[in-house]
Every structure is written in C-alpha cells, then in structure tokens.
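In our numbering, the protein residues as written are 305 to 427.
Beneath this line is the structure, given in structure tokens, with notes to follow.
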C-alpha cells in the first residue's frame with residue numbers, strides 16, 4: 305500500500321488536503337501538498353490519481369510533461385518532450401485519463417468522497 309508522497313527537497317511527507325471552495329468543479333476532491341507561505345514547495349498532486357511515469361527521451365533523461373496551448377483538436381492535451389537544453393526530437397502523448405488508485409488512498413479519503421466519486425468504493 306502506498307503512503308503519503310514525500311517532498312524530495314524538504315524530505316517531509318506531504319499534507320493531505322481537500323478542495324474547500326464550493327464554487328470549484330473539484331470541490332471535495334483530495335490532494336497532497338507541501339506548500340505553505342513560509343516554506344514554498346513545488347510538491348502538489350491529486351490524491352485520487354496515480355502519478356504518470358515519465359518516459360526517458362533520446363538523451364536517456366526523464367521527459368518534461370507539457371500541455372498543448374494552440375487552438376485545434378489537440379488543445380489542452382498533455383504530451384512528453386525532451387527537457388534538455390539541447391533538445392532531441394522525442395515526442396509522446398500522455399494517457400488521456402490518469403489511472404485512479406482508490407485502494408492505495410483509502411485511508412486518506414474523506415467520508416464525503418463517495419458523493420463526488422460514486423464509482424469508487426472505499427474500504
């Protein structure tokens with residue numbers, strides 16, 4: 305069973321939070337973060353999604369994940385590309401849907417989770 309993610313730069317476990325803004329589409333959705341006003345951190349991830357494993361580019365380095373910004377049929381889609389300053393021509397689309405992992409996160413999921421994600425069963 306997976307545990308809370310650990311921030312690589314601070315070496316501390318992430319804090320479990322829930323979106324509290326009722327006007328947001330993601331209201332009630334759980335997430336992990338280490339960010340605070342006093343100690344900023346880049347660790348942030350949805351608690352109900354499995355992190356996508358990034359492929360390696362042709363330099364054998366982990367790719368960057370980006371999103372298409374241009375208008376068109378691929379607008380908003382995520383893709384992988386080389387993050388090296390001497391970019392290679394590696395390109396690959398991200399999976400459309402991130403796989404859910406409700407079993408691994410069951411101990412972190414609040415009781416009202418089923419109201420927003422009825423297809424996920426809690427243990």
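From the three backbone atoms N, C-alpha and C, an ideal C-beta is built for every residue, glycine too.
Burial state of residue 334 (16 or more Cβ within 10 Å) = buried
Does the distance from the CB of residue 377 to the CB of residue 336 come in under 8 Å?
-> no
Ignore the nearest five residues each way along the sequence and tell me which others in residue 387's own chain have a CB closer than 6 Å to its CB.
-> 368
Leaving aside the five residues before and after residue 402 along the sequence, list all residues of the same chain whose C-beta is less than 7 Å from its C-beta, in chain order.
-> For residue 402, the predicted structure reports a pLDDT of 42, less than 50, and the residue's modelled location is therefore unreliable. The matter cannot be settled from this model.
Along the beta strand (DSSP E) that carries residue 396, what are the first and last residues, could you check?
-> 395-397
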